[in-house]
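Asker: Below is the structure I would like to discuss, written out as structure tokens.
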Amino acid sequence: MDIVPVEKLFTVFNETAMILKEEMDCTYLEALAETGENIFQEAILQENLSEYTAKKIKKSYESISLDAYSKEEIRKSFQLAILKGMQENVQANHQMTPDSIGMLIGYLVQKFYTQTTMRLLDLAVGTGNLLTTVINHQPEKQIEAFGVEIDELLLQLAYINANLQEQPIQFYNQDSLEKLFIDPVDIVVSDLPVGYYPNDIGASEYSLQADNGHSYAHHLFLEQSINHLKAGGYAFCMVPNGLFESEQAGKLHQFFKEEVYIQSILQLPLSLFKNKQAAKSILVLQKKGETIKAPKQVLLAKVPNLSNIASMEKTLSQIDVWIKENKLV
Ligand code: SAM
-18 MDIVPVEKLF
-8 TVFNETAMIL
2 KEEMDCTYLE
12 ALAETGENIF
22 QEAILQENLS
32 EYTAKKIKKS
42 YESISLDAYS
52 KEEIRKSFQL
62 AILKGMQENV
72 QANHQMTPDS
82 IGMLIGYLVQ
92 KFYTQTTMRL
102 LDLAVGTGNL
112 LTTVINHQPE
122 KQIEAFGVEI
132 DELLLQLAYI
142 NANLQEQPIQ
152 FYNQDSLEKL
162 FIDPVDIVVS
172 DLPVGYYPND
182 IGASEYSLQA
192 DNGHSYAHHL
202 FLEQSINHLK
212 AGGYAFCMVP
222 NGLFESEQAG
232 KLHQFFKEEV
242 YIQSILQLPL
252 SLFKNKQAAK
262 SILVLQKKGE
272 TIKAPKQVLL
282 AKVPNLSNIA
292 SMEKTLSQID
302 VWIKENKLV
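Written out as structure tokens, the structure is:
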């Protein structure tokens, strides 16, 4: 991909967000949402801006035409601006899913699911970066996509991100562990929030609630994801490396045994995470159904550093071989 268009578009997002941040006395991310909406609506929607400011941002908007950019170029430049805003106030569980992981999940979805129409759900959609990366990697499919997120600002950014990329995603601003009004889907992708779920009453609706104290949110998210899959549907979830070793893992093993076939566990390179405790794997599950069979063996692999092209190609061909032998595409 040509880097110049991404830089050019980022510059417009960035400079107009900085101007609005100053003028509206808000955070960079709030200002980014405002400017993204302006660009999408082709208007300046904020009242009370000084004439000078309005002129300045209008000039910046006029220097670009969204039609000239691909969806991936738009996503990447918006992502750069979000990353900048996230550095302003860092919240561990709000981190956007990095590009490289989104692309790998996009690749996996394409290989595992070969039908031409797809219902796709992300229960922790955040800024929409993972979900839209996955969508952009299935150009030949007709996709109906859904995203759920508890944080209003992140969801607003996701909504603008999707609009700018012309991705018709349906968004819900709610706690994903409460009742969802979304019919079963073919594919779930999700970079799960890791930690305790504070709502014990809500957790009591789940088989994976803890016997004592707070339940693990990531366990409940896995259960909710599986509940929303069609029989034979796949979930591609980023989970902590120690998922199967925690003190609450016993119930998870039992639940998986009843509901899904584990397809693959791909351990992501440690270099992508702050420390060993924060490191994650991609867990691939298939929901059981009458005609669904277990894979001959589970694909276990360590994903190499994603910038090491030769090792990465080796891992991708290992995945391809496994799919041929186990999924009979
Ligand atoms: N994939 C996202 C992206 O590319 O921006 C990032 C996902 S981030 C690791 C996890 C997200 O889960 C956060 O945005 C967080 O606000 C959200 N989250 C945490 N608890 C939630 C809940 N109970 N319901 C809905 N979303 C929740």
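Using the numbering used here, the first residue of the sequence shown is number -18, and each one after it goes up by one. C-beta atoms are modelled at their ideal positions from N, C-alpha and C, and glycine is treated no differently.
1. What separation, rounded to the nearest whole angstrom, lies between the Cα atoms of Phe225 and Ser262?
2. Where in the stretch 107 to 160 do unbroken runs of the beta strand (DSSP E), each at least 3 residues long, occur, reported from the N-terminal end onward?
3. Could you have a look at Asp181 and say whether DSSP puts it in helix, strand or coil?
4. Look up Leu10 in the DSSP assignment and give the residues it is bridged to.
5. Assign His234 to buried or exposed, taking buried as 16 or more other Cβ atoms, counted over all protein chains shown, within 10 Å of its Cβ.
6. Checking 9 angstroms against the spacing of the C-beta atoms, do Tyr215 and Tyr140 come in under that value?
7. Using three-state DSSP, classify Lys211 as helix, strand or coil.
8. Please determine whether the Cβ atom of Asn110 lies at a distance below 8 angstroms from any heavy atom of the ligand SAM.
9. Quickly, what does DSSP pair Val166 with across the bridge? List them, please.
10. Relative to the ligand SAM, is the shortest distance from any of its heavy atoms to the C-beta of Tyr215 smaller than 8 angstroms?
11. Straight-line CA distance for Ala62 to Lys37?
12. Please work out which residues of its chain come closer than 6 angstroms, Cβ to Cβ, to Gln244, disregarding the five sequence neighbours upstream and downstream, and give them in chain order.
13. In whole angstroms, what is the alpha-carbon distance linking Thr113 and Gln151?
14. Tell me where the beta strand (DSSP E) around Met99 begins and ends.
Answerer: The structure says:
1. 11 angstroms
2. 123 to 130 and 150 to 154
3. DSSP places Asp181 in helix when its eight states are reduced to three.
4. Per DSSP, none; premise fails for Leu10.
5. exposed
6. no
7. Reduced to three states, the DSSP call for Lys211 is strand.
8. yes
9. Leu210
10. no
11. 19 angstroms
12. Val265, Gln267 and Pro276
13. 12 angstroms
14. Element bounds for Met99: Thr98 to Asp103.
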